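S.K.:
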Amino acid sequence: MPGRRKPIGFYTRETRRGEKVVSPIFPPKGSIRQQVTVRRRVKKRSRKSWASYASAAQVMELSRFLAGYVSGRDVEIQMVDHPLYRGFSTDLKTIYAPDWAEFDLPVDGFDEWRIYRHGIWHEANHIKHTPPQLLERARNSPEYIRLLINVLEDKRIEDLGVKYHPGALSERLYHQAYGYALRPSVEVYSWCPPAQLCEAFLQKLLTGRIKGDMDPELRDRVERAAAYAEKRIKKLEEENLSGVELANRIAGLAEEVADMLKLRDEIRKMAYGDVEPPSRPPKGLSRRDRERVKRDIKKYKKKDDLPEVEDWDETFRPPTQDDLPKPTKSRVEKDIKEYFKELEKEARKKGCIKRPDGDVKPDEIYVDDIEKAKTGSADVKAEYEAITGGGRGMEDPALTGFLPVAGSSSAAKYEDPKFKRKMAERLKEWRRGFRAAPSKMGVSFNVDAWLYTEGKRPFVSVKRRSVRGGKYLFVVDFSGSIRPYEEEYKKALINALEALQGI
4 MPGRRKPIGF YTRETRRGEK VVSPIFPPKG SIRQQVTVRR RVKKRSRKSW ASYASAAQVM
64 ELSRFLAGYV SGRDVEIQMV DHPLYRGFST DLKTIYAPDW AEFDLPVDGF DEWRIYRHGI
124 WHEANHIKHT PPQLLERARN SPEYIRLLIN VLEDKRIEDL GVKYHPGALS ERLYHQAYGY
184 ALRPSVEVYS WCPPAQLCEA FLQKLLTGRI KGDMDPELRD RVERAAAYAE KRIKKLEEEN
244 LSGVELANRI AGLAEEVADM LKLRDEIRKM AYGDVEPPSR PPKGLSRRDR ERVKRDIKKY
304 KKKDDLPEVE DWDETFRPPT QDDLPKPTKS RVEKDIKEYF KELEKEARKK GCIKRPDGDV
364 KPDEIYVDDI EKAKTGSADV KAEYEAITGG GRGMEDPALT GFLPVAGSSS AAKYEDPKFK
424 RKMAERLKEW RRGFRAAPSK MGVSFNVDAW LYTEGKRPFV SVKRRSVRGG KYLFVVDFSG
484 SIRPYEEEYK KALINALEAL QGI
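Quick note: to get our numbering, add 3 to the position in the sequence shown (first position is 1).
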């Protein structure tokens with residue numbers, strides 16, 4: 004066709020669904036001296052929209068209900084939208100979760116909700132079962148002991164969560180499968196035995212298998228340490244400990260696991276320079292894992308810092324928040340299928356086909372559980388329908404620039420009965436629809452009017468005041484910033500709205 008520009012080259016790009024698409028590269032308009040092949044940069048579009056904001060409000064309410072139901076406490080949920088934020092966490096009072104509008108994982112939307120929901124479930128179990136003293140012990144421990152404490156406690160609280168809520172088993176299995184797919188291969192740390200042992204132990208205890216190959220002697224250490232840890236965790240559940248005693252037992256178990264893995268000896272070898280990092284990553288790794296190896300080796304050569312093994316919670320943050328290539332959807336789905344295939348093979352080998360009625364043991368997996376984990380439970384599907392349907396028809400140009408809901412907590416702690424009584428008194432005339440004005444003459448003598456006006460206007464005449472039409476609540480801030488007075492503003496807004504609601 005005359006006038007149509009011809010492509011000067013082609014490049015292959017991958018869509019969010021994992022499909023490979025070949026796109027042409029056109030030269031810039033106008034005359035150019037030299038044609039240069041330029042790779043087009045595709046900028047990711049933000050998922051933030053009015054529909055996602057409405058969905059985020061639904062997610063907040065569902066998350067708070069789930070956290071309260073699991074923990075048995077009035078839990079506050081706070082959404083955190085920050086580039087350095089690293090997934091789900093809790094201080095045993097509040098659960099901090101990623102912004103749902105930016106929760107972009109390499110899986111389908113329904114599976115994203117399953118991961119998000121399980122993250123809330125996991126942190127709620129921490130609130131219910133984790134002693135506060137354990138957080139202090141972990142903070143004051145060496146890095147590898149802190150990691151082992153977190154791994155052991157994650158295993159313990161999720162086992163208890165499934166014991167008290169058997170329906171969570173299938174969702175936990177999918178959570179483990181996704182975690183297995185996102186965790187790096189242990190071959191990434193083949194040059195650093197301390198990091199490889201910690202990563203392999205985490206994977207074995209929390210997912211039941213180790214991703215990648217490693218030295219047989221090191222693998223044997225991990226297998227024995229994981230089996231010992233599982234037995235000790237079951238014994239802790241039977242003893243029904245709490246507080247300082249429970250925290251000391253878990254921290255002591257972490258020390259025992261470190262001794263079985265011989266972590267101190269391996270760290271000493273690295274400190275003395277007995278281990279030399281390779282010049283290039285091992286073969287057969289994914290692009291993300293290869294870049295991870297390069298980053299860790301560069302950091303070690305420059306600062307002598309050992310590779311940092313991520314906590315289990317950090318596996319489920321959006322992978323776009325780090326400096327590594329984003330995992331492709333096709334590879335993640337492949338790893339998840341591989342995980343379920345091996346899990347089903349083990350279940351059939353043990354003869355665990357159909358789950359019998361009765362108590363659910365976390366370490367007993369049946370084929371029924373695996374099939375349900377692949378598709379998702381009916382309750383979770385219904386929740387996702389409520390989330391995705393909550394944003395239809397919500398766009399309002401008048402609200403441009405307003406931010407979405409950032410947290411959800413009980414209004415009980417913001418109640419101010421004295422403030423509400425004063426507001427109710429001042430809005431009494433609005434509620435009745437009329438007001439009585441004192442006057443010098445009239446048909447009705449009123450004692451209150453006589454006392455109020457000192458006898459000058461003892462009569463009242465009824466004057467109607469319309470209460471129809473819109474109501475506006477103005478909050479005037481003279482401080483320059485509401486940050487120091489955030490709680491006071493919340494209290495004023497909540498109580499004012501409750502008073503207006505009674506009209």
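Even glycine gets a Cβ: it sits at the ideal position worked out from N, Cα and C.
Only a predicted model underlies this, so the values are computations on that prediction, with no experimental measurement involved.
So is the beta-carbon of Ala499 under 8 Å away from any non-hydrogen atom of the ligand NAD?
M.R.: With respect to the ligand NAD, the structure offers nothing, as it holds no ligand at all.
S.K.: For the beta strand (DSSP E) that contains Tyr342, what are its first and last residues?
M.R.: Tyr342 -> not in any beta strand (DSSP E); alpha helix (DSSP H) instead, spanning Lys332 to Lys353.
S.K.: Comparing C-alpha positions only, which one of Val191, Thr93 and Tyr231 sits nearest to Pro135?
M.R.: Closest by C-alpha distance to Pro135, out of Val191, Thr93 and Tyr231, is Thr93.
S.K.: Three Cβ pairs or more, each shorter than 8 Å: is that satisfied between the region 217-226 and the region 126-145?
M.R.: No: fewer than three Cβ pairs fall under 8 Å.
S.K.: State the DSSP-derived secondary structure class of Pro101, mapped to helix, strand or coil.
M.R.: strand
S.K.: Using alpha carbons as the reference points, say which of Met63, Val62, His178 and Glu490 lies closest to Phe319.
M.R.: Closest in C-alpha terms to Phe319, from the list Met63, Val62, His178 and Glu490, comes His178.
S.K.: Can you name the residues that DSSP bridges to Phe462?
M.R.: Ser442 and Phe448
S.K.: Would the beta-carbon of Ile123 fall within 9 Å of that of Ile80?
M.R.: yes
S.K.: For the alpha helix (DSSP H) that Glu374 lies in, which residues bound it at each end?
M.R.: Val370 to Thr378
S.K.: So for Glu79, helix, strand or coil by DSSP?
M.R.: strand
S.K.: On the CB-based measure, 16 or more other CB atoms within 10 Å of its CB, does Phe106 come out buried or exposed?
M.R.: buried
S.K.: Starting from the Cα of Pro197, find the closest Cα among Leu65, Pro281 and Ile270 and give me that residue.
M.R.: Ile270
S.K.: Taking the alpha helix (DSSP H) that Thr133 belongs to, which residues open and close that run?
M.R.: Counting along the chain, Thr133 falls outside any alpha helix (DSSP H), and DSSP gives it neither H nor E.
S.K.: Out of Ala350, Val247, Ala229 and Arg252, point me to the one whose CA is closest to Leu239's CA.
M.R.: Arg252
S.K.: Taking the straight line between their C-alpha atoms, what separation do you get for Leu264 and Ala228?
M.R.: One C-alpha to the other measures close to 7 Å.
S.K.: How far does the alpha helix (DSSP H) with Thr537 in it extend, from its first residue to its last?
M.R.: Since the first residue shown for the chain is 4 and the last is 506, residue 537 is missing from the structure and cannot be characterised.
S.K.: Where does the unbroken alpha helix (DSSP H) through Cys201 begin, and where does it stop?
M.R.: Pro196 to Thr210
S.K.: Could you check if Phe448 is buried or exposed, using at least 16 other CB atoms within 10 Å of its CB as the buried criterion?
M.R.: exposed
S.K.: Could you tell me which of Ile236, Ile130, Ala381 and Glu336 sits nearest to Leu108, measuring between CA atoms?
M.R.: Glu336
S.K.: Whose C-alpha, out of Gly354, Ala499 and Arg351, is nearest the C-alpha of Arg424?
M.R.: Ala499
S.K.: Note down, in chain order, each residue of its chain lying with its Cβ closer than 7 Å to the Cβ of Arg235, except the 5 sequence neighbours on either side.
M.R.: Leu256
S.K.: Are there 16 or more other CB atoms within 10 angstroms of the CB of Glu489, so buried, or fewer, so exposed?
M.R.: It counts as exposed.
S.K.: Quickly, what does DSSP pair Thr93 with across the bridge? List them, please.
M.R.: Looking at the DSSP output, Thr93 sits in a beta bridge with Ile98.
S.K.: Gly361: buried (16+ other C-beta within 10 angstroms of its C-beta) or exposed?
M.R.: exposed
S.K.: Would you kindly check if the distance between the Cβ of Asp366 and the Cβ of Glu233 is under 9 Å?
M.R.: yes
S.K.: Lys431 to Lys493, Cα distance in whole Å?
M.R.: 23 Å
S.K.: Beta-carbon separation of Ser412 and Arg67 under 9 Å?
M.R.: In this structure, Ser412 places its C-beta atom within 9 Å of the C-beta atom of Arg67.
S.K.: Look at the Cβ atom of Glu586, then the Cβ atom of Ala70, and state whether they are nearer than 9 Å.
M.R.: Residue 586 is absent from the structure shown; the chain starts at 4 and stops at 506.
S.K.: My understanding is that Gly164 touches Asp316, with C-beta atoms under 8 Å, so please give their C-beta distance in whole angstroms.
M.R.: So it is not a contact: roughly 15 Å between Cβ atoms.
S.K.: In its own chain, which residues sit with a C-beta less than 7 Å from the C-beta of Pro400, not counting the 5 before and 5 after it?
M.R.: With a pLDDT of only 49 at Pro400, under 50, the local geometry of the prediction cannot be trusted, and the value read off the model is given with reservation. Closer than 7 Å at the Cβ level, and outside the excluded window around Pro400, lies no residue.
S.K.: Nearest-angstrom Cα distance between Lys96 and Val78?
M.R.: Going from the Cα of Lys96 to the Cα of Val78 covers about 6 Å.
S.K.: Could you tell me the distance, in whole angstroms, from the CA atom of Leu288 to the CA atom of Ser188?
M.R.: One alpha carbon belongs to Leu288, the other to Ser188, and they sit about 8 Å apart.
S.K.: Which residue's Cα is closest to the Cα of Arg149: Glu258, Val73, Asp102 and Gly211?
M.R.: Glu258
S.K.: Secondary structure at Tyr231, three-state DSSP: helix, strand or coil?
M.R.: helix
S.K.: Starting from the Cα of Asp262, find the closest Cα among Tyr387, Tyr369 and Val225 and give me that residue.
M.R.: Val225
S.K.: Measure the alpha-carbon distance for Pro321 versus His132 and round it to whole angstroms.
M.R.: 27 Å
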